[in-house]
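463 is the number that the UniProt record's numbering gives to position 463 of the sequence shown; each next residue is one higher, with no gaps.
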Amino acid sequence: MGSKEGENGGGVLEKGGDLMEGEEVVVENCEGKGGRIEGDGDGDQTIEKGQEEKELTKRSVEEKKVNLEESVPRRNLRQRKLVIKDQYDEFVEKYFQEEDEVKPKKRRRKSSMKTNDEENCKMTRGPKKKESDRGNDESASLEGDATSTACKGADALKKAKGGGKTDENGEPLSNMCHQCQRNDKGRTVKCENCIWKRYCVPCMTTWYPKMTEYDFAKMCPVCQVNCNCKSCLRLEVPKKDKEKFNLKFTEEEKIEYSKYIIPMLLPFLKQFNEEQMKEKAIEAKIQGLSLSDLKVQKANCSLGERIYCDYCKTSIADFHRSCTSCAYDLCLTCCREFRDGCLKVSNEELDFQFVDPGSKYMHGEGESKPTMRTPDETNREDFLKWKSHEDGNIPCPHKTLGGCGEGILELKCLHKDSVSTLLVEAEKLSEKYQLVPATTGERCPCFNSASEIGTEKSKLLKAASRKDSSDNYLYSPTAVELESKDLSHFQYHWLKGEPVIVNNVLELTCGLSWEPMVMWRAFRQIKNLNHSQLLDVVAINCLDWCEVDVNAHHFFKGYREGQLDDAGWPLILKLKDWPPSSSFDEHLPRHGAEFLSSLPFKEYTNSRSGYLNLAVKLPEKSLKPDMGPKTYIAYGIAEELGRGDSVTKLHCDMSDAVNVLTHVQEVQFTSAQQVMIEEIKQKHISQDKRELFGEEQIAVDMEKQEEELNEMTGAPNGTIQSSEVKLGQGSTDITNVQMKRNAAINRTLVSQDVRDKKSELDEYSGNSSVGILDNKIEGIEHPEGGALWDIFRREDSSKLEEYLRKYFKEFRHVYCLPLDQVIHPIHDQTFYLTMEHKRRLKQEYDVEPWTFVQKQGDAVFIPAGCPHQVRNLKSCIKVALDFVSPENVHECIRLAEEIRTLPPNHRAKEDKLEVKKISFYAMQAAVEDLNKLEKEGTSTLNSSGLFDLAIASWIVLSDGLY
Numbered sequence: 001m002g003s004k005e006g007e008n009g010g011g012v013l014e015k016g017g018d019l020m021e022g023e024e025v026v027v028e029n030c031e032g033k034g035g036r037i038e039g040d041g042d043g044d045q046t047i048e049k050g051q052e053e054k055e056l057t058k059r060s061v062e063e064k065k066v067n068l069e070e071s072v073p074r075r076n077l078r079q080r081k082l083v084i085k086d087q088y089d090e091f092v093e094k095y096f097q098e099e100d101e102v103k104p105k106k107r108r109r110k111s112s113m114k115t116n117d118e119e120n121c122k123m124t125r126g127p128k129k130k131e132s133d134r135g136n137d138e139s140a141s142l143e144g145d146a147t148s149t150a151c152k153g154a155d156a157l158k159k160a161k162g163g164g165k166t167d168e169n170g171e172p173l174s175n176m177c178h179q180c181q182r183n184d185k186g187r188t189v190k191c192e193n194c195i196w197k198r199y200c201v202p203c204m205t206t207w208y209p210k211m212t213e214y215d216f217a218k219m220c221p222v223c224q225v226n227c228n229c230k231s232c233l234r235l236e237v238p239k240k241d242k243e244k245f246n247l248k249f250t251e252e253e254k255i256e257y258s259k260y261i262i263p264m265l266l267p268f269l270k271q272f273n274e275e276q277m278k279e280k281a282i283e284a285k286i287q288g289l290s291l292s293d294l295k296v297q298k299a300n301c302s303l304g305e306r307i308y309c310d311y312c313k314t315s316i317a318d319f320h321r322s323c324t325s326c327a328y329d330l331c332l333t334c335c336r337e338f339r340d341g342c343l344k345v346s347n348e349e350l351d352f353q354f355v356d357p358g359s360k361y362m363h364g365e366g367e368s369k370p371t372m373r374t375p376d377e378t379n380r381e382d383f384l385k386w387k388s389h390e391d392g393n394i395p396c397p398h399k400t401l402g403g404c405g406e407g408i409l410e411l412k413c414l415h416k417d418s419v420s421t422l423l424v425e426a427e428k429l430s431e432k433y434q435l436v437p438a439t440t441g442e443r444c445p446c447f448n449s450a451s452e453i454g455t456e457k458s459k460l461l462k463a464a465s466r467k468d469s470s471d472n473y474l475y476s477p478t479a480v481e482l483e484s485k486d487l488s489h490f491q492y493h494w495l496k497g498e499p500v501i502v503n504n505v506l507e508l509t510c511g512l513s514w515e516p517m518v519m520w521r522a523f524r525q526i527k528n529l530n531h532s533q534l535l536d537v538v539a540i541n542c543l544d545w546c547e548v549d550v551n552a553h554h555f556f557k558g559y560r561e562g563q564l565d566d567a568g569w570p571l572i573l574k575l576k577d578w579p580p581s582s583s584f585d586e587h588l589p590r591h592g593a594e595f596l597s598s599l600p601f602k603e604y605t606n607s608r609s610g611y612l613n614l615a616v617k618l619p620e621k622s623l624k625p626d627m628g629p630k631t632y633i634a635y636g637i638a639e640e641l642g643r644g645d646s647v648t649k650l651h652c653d654m655s656d657a658v659n660v661l662t663h664v665q666e667v668q669f670t671s672a673q674q675v676m677i678e679e680i681k682q683k684h685i686s687q688d689k690r691e692l693f694g695e696e697q698i699a700v701d702m703e704k705q706e707e708e709l710n711e712m713t714g715a716p717n718g719t720i721q722s723s724e725v726k727l728g729q730g731s732t733d734i735t736n737v738q739m740k741r742n743a744a745i746n747r748t749l750v751s752q753d754v755r756d757k758k759s760e761l762d763e764y765s766g767n768s769s770v771g772i773l774d775n776k777i778e779g780i781e782h783p784e785g786g787a788l789w790d791i792f793r794r795e796d797s798s799k800l801e802e803y804l805r806k807y808f809k810e811f812r813h814v815y816c817l818p819l820d821q822v823i824h825p826i827h828d829q830t831f832y833l834t835m836e837h838k839r840r841l842k843q844e845y846d847v848e849p850w851t852f853v854q855k856q857g858d859a860v861f862i863p864a865g866c867p868h869q870v871r872n873l874k875s876c877i878k879v880a881l882d883f884v885s886p887e888n889v890h891e892c893i894r895l896a897e898e899i900r901t902l903p904p905n906h907r908a909k910e911d912k913l914e915v916k917k918i919s920f921y922a923m924q925a926a927v928e929d930l931n932k933l934e935k936e937g938t939s940t941l942n943s944s945g946l947f948d949l950a951i952a953s954w955i956v957l958s959d960g961l962y
């Protein structure tokens, strides 16, 4: 690219981009003479002196004429706009880091100076101005030069061209909307804060439904740093939010938190070390060495690798046995069970083949076909031949079992004597700072000495009605009212395994919209910047629980408006983990930052530097588990359908989690559509009766119930049967008898007493007034209520499992077929307990969950080990994040042991969390921090509220949890 001669006398670089080596640029020296900077390339050009001086004189005369004609108010306004433009540029530079794609290209100045005059020359767009003229020249050229780098020139102060509208000062009046970049959509509202941002009425209504015109006039979305226009969505995460992600802790806080973590993890570390010492003793006996002389060989495994047991598929944290001839690995638990001859894990996979009965069956017509199941017994014979040696050695299994059948499994480790050394250090610190406690006698601040609700009643939510129970109320503070002391209050309830609900967490954020179309536009814009295309998404149909491919735009349209399938039944779709959590920050960086900034108790929920989030303690180069954020986007309606409800079925997370409801959208159907839905529902009920009882059994039960009811009412036999034809004639007595008979027949399938359900859910909902009439939600006090949660206590899990095994045939899953087998009632994720099942569960087993309505902006903290289910009352967008708290490490380990015993092809089989590995590194970090701070002469390590809670935690954990 050669230089181009400027029309105003000086050499002006007209084209954007960098100068390439070998180019020549003609510039003007300080005296206004023509000159050039020579390079290696060709295309030398010079500027004629006479033409330059002529153009300079002409331009100076025109500028002086303009300055004389310009009024003082107009000049002041120009200067004010110049200041405003500078302030906005500073604002963008302060709060945002722009992507490389939107940054203006920099010009590279490469020159070879040859004369003294040329040493003083500069790149310029015209003759050098005097100091007195420079200010006027900058003001006069402001309209053509004030391009905002944040919005690529869309917000430039453009000069009106002949006939344009002007204000009282003669200044061009622009109606350009910042959101849509158009000026033909009618009236706009100008921001009084930044003055030059305007929004048209259609954009305000569409993209900012919760803001009034007064809000726009007072401070526009750009000033609030939550504008969702295309240009602003391209901006990187605000700097202030990035700074919040990296939490800084004082030395005193590190001391307190380390003292809190050590007693929590000490029981685990003792058990972990005991298991390894037992296996080490067996290996020493095999080799004929003493325990002190035995040196365990270190396995060839880097931090970026993850080792699994080849038999039970559980992750390996340290000691394990590995084949000398192949890569077969066996965990210590499998080694112990193998020698004892009682392996709890079966290596036989179950082959499920579901036969699709068609859409008519799912809507109550036709009959189902039996599920084909073929157990895999091809390896049974080889498994029976696999035996350990008398000295304790374990041979490598046969090839059909994944081994080689030739080598011997040798003891290896991932950390050289690190566990035993760490245990010694932790016990020294525990003894030194008296971390072995007695009783504390603390109680929840929400209650007084008489166990009655105290002054903090507003922070409690009634979620259950259990008799003689002190945990019917859940801790439910408001986000904006949280103080530093509330962390210990949270820990009190968290230690007891109780959920916590924090209200209105979105008020802590900038207010970026979570409207589905805003998220879609943000995602689409990022996609256009050379990211992978994810325009089609995989959704799950909640009726048959099968995956369907759907265009993302069409999905979000159904989210807002609702959909019906061909039969007239609500079509309920849900997306899980969209966009993929591994690329959430990449595809939706602004929303990811908005979510993380909303989370309370960041010591736990900060996924990068939360000191009490043990998941962040893993080494930097190690392979880390996927902890989120993850989005859950689903359609939802208020009515409980019985089939095809928008639900997350009963399950139990391996770690702690926090779930924030970021958006709700109510969907309503017409009266005609409601009638159609009710007709199909009656078909479902009839089909349930046929498949559960059979036609003959129904007839027998009807006859039996008739005899019982005749005895109750004193009517002769046959009266009720013959009176069925008279039901339409208004006989009240006969109608009541018939209703009793129907209720008895349908006792396991049809909804029970409506009033009981209404009062039951009214009690559950706490702050939300919920009523049910024929399984329909009548009203919710909070219009932003979106999801109905049921969270069961850990101690009720065994009774819950027993109930589900007893009544599993009443539940449906794939293709809407009745379940014919249960592997694990909770980990299968095939059950959702309706209101009727919850009523029966309480009646028969005295088990009742915490039940509450999650409103928009509520953050629900779910402790690890608590089974829970969710039903969407409206279309919802939820974002969830997993974390590992020191209080619940023992539950994570217990769950890992449960999952270990599942069949190899079970959906919950994989151990992605590696909780033992996380716990080891977390203890290591706490011990190192405490020792380091002590050596540096930190202030005395006095007891604190956190230490007192650590004492309480020791009591709970030592009560038989390990």
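Even glycine gets a Cβ: it sits at the ideal position worked out from N, Cα and C.
query	result
Out of A672, L833, S607, C546, which has the shortest C-alpha to C-alpha gap to M362?	C546
Please classify P849 as buried or exposed, where buried requires at least 16 other C-beta atoms within 10 Å of its C-beta.	buried
Assess, as a yes-or-no matter, whether the segment 265-285 is touched by the segment 350-358 under the definition of 3 or more beta carbon pairs within less than 8 Å.	no
Which same chain residues end up closer than 6 Å to H591 when comparing Cβ atoms and leaving out the 5 residues on each side of it in sequence?	none
What are the boundary residues of the alpha helix (DSSP H) that K630 is part of?	Here K630 belongs to no alpha helix (DSSP H); instead the beta strand (DSSP E) covers 630-634.
Near K809, which residues of its chain fall below 8 Å by C-beta distance, leaving aside the five closest residues on each side in sequence?	L692, P818, L819, D820
How would you label E640, buried or exposed, when you count the other beta carbons within 10 angstroms and need 16 or more for buried?	buried
Roughly how many whole angstroms lie between the Cα atoms of N659 and W386?	46 Å
What's the C-alpha gap between F861 and G694?	44 Å
Tell me where the alpha helix (DSSP H) around H363 begins and ends.	Unbroken run through H363: none, as it is neither H nor E.
Can you tell me whether DSSP reads G288 as helix, strand or coil?	coil
Going by DSSP in three states, S875 sits in which element: helix, strand or coil?	strand
Can you tell me which of P629, M627, V647 puts its alpha carbon nearest to the alpha carbon of Y635?	V647
Measuring alpha carbon to alpha carbon, tell me which residue in E586, H890, F831 is nearest E236.	E586
Check for me: the beta strand (DSSP E) holding H663 runs from which residue to which?	656-665
Have a look at the DSSP bridge pairing and note the partners of F447.	I453
Output the boundary residues of the alpha helix (DSSP H) element that contains K428.	418-432
Please tell me whether E795 has its Cβ less than 8 Å away from any Cβ of chain B.	Structure shown: chain B not included; a single protein chain is present.
Measure the alpha-carbon distance for E425 versus C309 and round it to whole angstroms.	29 Å
Just confirm the distance between the C-beta atoms of L573 and G558, as a whole number of angstroms; I'd bet it's less than 8 Å.	7 Å
Please classify R198 as buried or exposed, where buried requires at least 16 neighbouring CB atoms within 10 angstroms.	buried
Please say whether F601 and L487 have beta carbons closer to each other than 8 Å?	yes
Have a look at E101 and K242 and give me their C-alpha separation to the nearest angstrom.	Its pLDDT being 39, under 50, E101 is placed unreliably in this model, and the coordinates cannot settle the point.
Need the endpoints of the beta strand (DSSP E) that I791 sits in, please.	785-791
Put V927 into one of helix, strand or coil per three-state DSSP.	helix
Hey, quick one: how far does the alpha helix (DSSP H) through F595 stretch, first residue to last?	589-598
Please report how far the alpha carbon of C404 lies from the alpha carbon of H813, in whole angstroms.	40 Å
So for S797, helix, strand or coil by DSSP?	helix
Using CA atoms only, rank isn't needed, just tell me which of V550, N931, R306 is closest to D536.	V550
Tell me, please, which residues DSSP counts as bridged to residue 964.	In the structure displayed, the chain extends from 1 to 962; residue 964 sits before or after that span and is not available.
Can you have a look at K295 and say buried or exposed, based on whether 16 or more other CB atoms are within 10 angstroms of its CB?	exposed
If you run the structure through DSSP and keep just helix, strand and coil, what is Y473?	strand
Beta-carbon within less than 6 Å of N503's beta-carbon, same chain only, minus the 5 sequence neighbours each way: which residues are those?	T478, D858
Is it the case that the segment 323-333 contacts the segment 408-415, given that we only count it when at least three CB pairs across the two stretches are under 8 Å?	yes
Do you know how far the Cα of L343 is from the Cα of A638?	47 Å
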